[in-house]
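24 is the number of the first residue of the sequence shown in our numbering; add one for each residue after it.
Using N, Cα and C, we set each Cβ at its ideal position, and we do this for glycine too.
First up is the structure itself, then whatever we jot down about it.
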Amino acid sequence: MQVLSSLSALPESSGFDLVVVGAGGAGMAAALFAALEGQQVLLVERTGHVGGTTAWSGGTTWIPGTRHSASVNPRDTLADAKRYLDNAVGERSPATLRQTFLDHGAQAVDVLENRTDVHYRAYPKHPDYISDLGGSTLNGRALEPLPFDGRLLGPLFPLVRPPIPEFTVLGGMMVDRTDINHLLGLSKSFRSFKHACKLLTRHASDRLRHPRGTRLVMGNALVGRLLHSLSKHANVTLALHTSVQRIQRGADGIHSLTLVQEGQRRTMAVRKGLVLASGGFNRHPQLRQDLLPGISPDWCPAAPGHTGEAHGLAQHAGAHYGPGGLSPAFWAPVSKRQRPDGSTAVFPHFMMDRAKPGMLAVNQAGDRFVNESTSYHLFALALQQQPQMAGYLVCDTKALRKYGIGMVRPGGKGLEPFLADGYLVQADTLEALAQKLAVPAARLQASVAQINDYAEAGIDPDFQRGSTAYSQNMGDPSAGGKNPNLGPLREAPFYAVRLYPGDIGASTGFATDGDARVLGEDNTPIPGLYAVGNDMHSIMGGVYTAPGITLGPGVVFAYLAARHASARTFA
24 MQVLSSLSAL PESSGFDLVV VGAGGAGMAA ALFAALEGQQ VLLVERTGHV
74 GGTTAWSGGT TWIPGTRHSA SVNPRDTLAD AKRYLDNAVG ERSPATLRQT
124 FLDHGAQAVD VLENRTDVHY RAYPKHPDYI SDLGGSTLNG RALEPLPFDG
174 RLLGPLFPLV RPPIPEFTVL GGMMVDRTDI NHLLGLSKSF RSFKHACKLL
224 TRHASDRLRH PRGTRLVMGN ALVGRLLHSL SKHANVTLAL HTSVQRIQRG
274 ADGIHSLTLV QEGQRRTMAV RKGLVLASGG FNRHPQLRQD LLPGISPDWC
324 PAAPGHTGEA HGLAQHAGAH YGPGGLSPAF WAPVSKRQRP DGSTAVFPHF
374 MMDRAKPGML AVNQAGDRFV NESTSYHLFA LALQQQPQMA GYLVCDTKAL
424 RKYGIGMVRP GGKGLEPFLA DGYLVQADTL EALAQKLAVP AARLQASVAQ
474 INDYAEAGID PDFQRGSTAY SQNMGDPSAG GKNPNLGPLR EAPFYAVRLY
524 PGDIGASTGF ATDGDARVLG EDNTPIPGLY AVGNDMHSIM GGVYTAPGIT
574 LGPGVVFAYL AARHASARTF A
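Right, dumping it as structure tokens:
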């Protein structure tokens, strides 16, 4: 792989078989699949890092029916997966596209694992998010990338977008949920102690030679594996800090495009296809205002880069957005804090706190408004219906010590900086906490008393917290309560963190067919134009059905787009 230091290194008459715009997970996968087909590939990335939001994610990739599914859930079938998607999504997306995804998922994974360095595992228990629907399953469909040794990348290692600092420990050591459980239990189990010692020894060695840890997990592991695989192909060129200025369409479809980099321009031929994988519309000011009215961009936890600038160019070439869907974006509750360097940390509350015993979500009126153990998507959609589109996650000292809250780590120590800047609010009584939050004290006290009663009974009649396999998996059965998601808030002081609905990715994107070809206004394919990842209209119809439902279709349709473009010929 050649990494361009400047566009001037490209001849004026240069051309590529396939140009991929955006080096996130889906874009890198499309480039890799095309490289495996022997195509000359240009991968264009407007930032200085590869990986996009994938690098900041858990890296989970939802693809039913793979070789890994059988290893943990041999009874699961594609028919079950289809039934689940039909129940969850229904008419919000074309059933034919969902079937295409299911039909080709295992094949895409096989190509990656047989011919590249991308390898997965199926976590023993990783339920579909709407686990009470027919066809759902507890495991086997959600794949996680195997940890990756970043040292194998050599000088390419700095190109991998680092994880957000709040997701690392000890100055840049990445940990996944397995590591977290061992670190929390290192004094209780020799196995955990051994695992923790291995992690810490590796990280200490890394910090002598690198600015951060080189043991990559989750999304960073997937990006590292994709980059390592791409680096082995001489037919791949990577252009960083580069944007698309113009897309040219002729009688035979897309035939060229103009790139710009720090004032330099190059127009090059596109011989077989242009793949849009720029990450979605979310940071485009006008598109955001149109599609996500009232949602501050300061609440978005996604990586920079998905400015939507390529979308206007594609629309000028005839592309249009797909219709309908539950929501134009996918969501998570987030909390915000200013870092010492002046930047803002936006922390998504995925799984570590809100669904655990001793946690309670209330709105500005002091009332519960959501099942705290529901999926982060549905939680954030409920937040949008609250006054000021905000709420609070409240806990007592016992829960904070055991689970942490947001950016505050478990253990209950080192709270001073979080209290000083107002990220964490503390009070000795619920009445005092309510006063600090400007919440009616009587309502907050009533909400806490109610959840305490529900914890004792083990049943939440209002929001059914802890009633599904998914929510129970988010809880803590070791807490000893009747319901793994319910626990009382009794031990002072009490704490709260303010929550906002953060868009974590686009659901609305360009309408495509089963080969990821972008459709024109007449719903016929635009020759040579493809869209994958968050640039493609989601086959999930804005419903967050399971972990990894952006990356899974992103990888599968990247495979289909690359395969179709590689076979494309002109009359």
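Among G381, T452 and T76, which residue has its Cα nearest to the Cα of D476? G381
Quick check on T535: does DSSP put it in helix, strand or coil? strand
Using DSSP with H/G/I as helix, E/B as strand and the rest coil, what is V497? The question names Val, but residue 497 in the sequence shown is Met. Of the three classes helix, strand and coil, the one that applies to M497 here is helix, per DSSP.
From F124 to D103, what distance separates their C-alpha atoms? 14 Å
Contacts around G47, its chain only, beta-carbon distance under 7 Å, and the 5 residues preceding and following it disregarded: G74, G75, T76, T77, A300, G302 and G556
Integer Cβ distance of M563 from I572, believed to fall under 8 Å: 5 Å
Under 8 Å, with one C-beta from each stretch per pair, do the segment 237 to 248 and the segment 162 to 172 reach the 3-pair mark? yes
Looking only at its chain, what residues have a beta carbon closer than 7 Å to the beta carbon of G528, apart from the 5 residues adjacent to it on each side? T76, G303, A325, A352, F353, N557 and T573
Other residues of its chain near L156: CB distance less than 7 Å, five sequence neighbours each side excluded: Y107, N110 and A111
Can you name, in chain order, every residue of its own chain whose Cβ lies under 8 Å from the Cβ of T367, other than the five neighbours on each side? D321, K359, R360 and Q361
Going along the chain, which residues of its own chain have a beta-carbon closer than 7 Å to the beta-carbon of R488, five neighbours each way excluded? N394, E395, S396, S494, N508 and L509
Going by Cα to Cα distance, which pick from D536, S490, N386 and M374 is closest to D199? M374
Could you tell me whether the segment 79 to 94 touches the segment 535 to 549, using the rule of 3 or more Cβ pairs below 8 Å? no
So, does the segment 334 to 349 touch the segment 509 to 518, judging by three or more C-beta pairs under 8 Å? no
If you check the beta carbons only, do V298 and Y553 fall under 7 Å apart? yes
Can you look up K295 in the DSSP assignment and give me helix, strand or coil? strand
Please identify the residue among V134, L161, L280 and V448 whose C-alpha is closest to the C-alpha of P97. L161
Residue from F441, L456, R232 and F180 whose Cα sits closest to the Cα of P363: F441
Quick test of the definition: if touching needs 3 or more C-beta pairs under 8 Å, does the segment 255 to 266 touch the segment 25 to 42? yes
Under 7 Å between C-beta atoms of H72 and R248: no
Is Q25 helix, strand or coil when you go by DSSP? strand
Does any residue of chain B have a CB that is nearer than 7 Å to the CB of G71? Absence of chain B from the displayed structure is noted, only one protein chain being present.
Which of helix, strand or coil does DSSP assign to S266? strand
Have a look at A594 and A584 and give me their C-alpha separation to the nearest angstrom. Interpretation of A594 is limited by its pLDDT of 37, a score under 50 that renders its predicted location unreliable; no figure is taken from the coordinates.
Quick one: is A257 buried, meaning 16 or more other Cβ sit within 10 Å of its Cβ, or exposed? exposed
Our contact map puts V246 next to G163 with C-beta atoms below 8 Å; I'd like the distance itself, whole angstroms only. With a Cβ gap of about 24 Å, V246 and G163 do not count as contacting.
Starting from S92 and walking both ways along the alpha helix (DSSP H), at which residues does that stretch end? R90 to V95
Give me the Cα-Cα distance between V132 and Y582, rounded to the nearest whole angstrom. 9 Å
Alpha carbon to alpha carbon, how far is V293 from G38? Give it in angstroms, no decimals. 6 Å
For G61, is the classification buried or exposed, using 16 other Cβ atoms within 10 angstroms of its Cβ as the cut-off for buried? exposed
Bridge partners of R238, per DSSP? D172
Specify the secondary structure class of T77 as computed by DSSP and reduced to three states. helix
I need the boundaries of the beta strand (DSSP E) containing H329, first residue and last residue. Neither: H329 is in no beta strand (DSSP E) and is coded neither H nor E.
Quick one: using the 10 Å Cβ neighbour count with 16 as the cut-off for buried, is R144 buried or exposed? exposed
With a cut-off of 8 Å on the beta carbons, I'd call G435 and T420 a contact; round off their distance for me. 7 Å
Check this for me: beta carbons of A478 and P511, under 7 Å apart or not? yes
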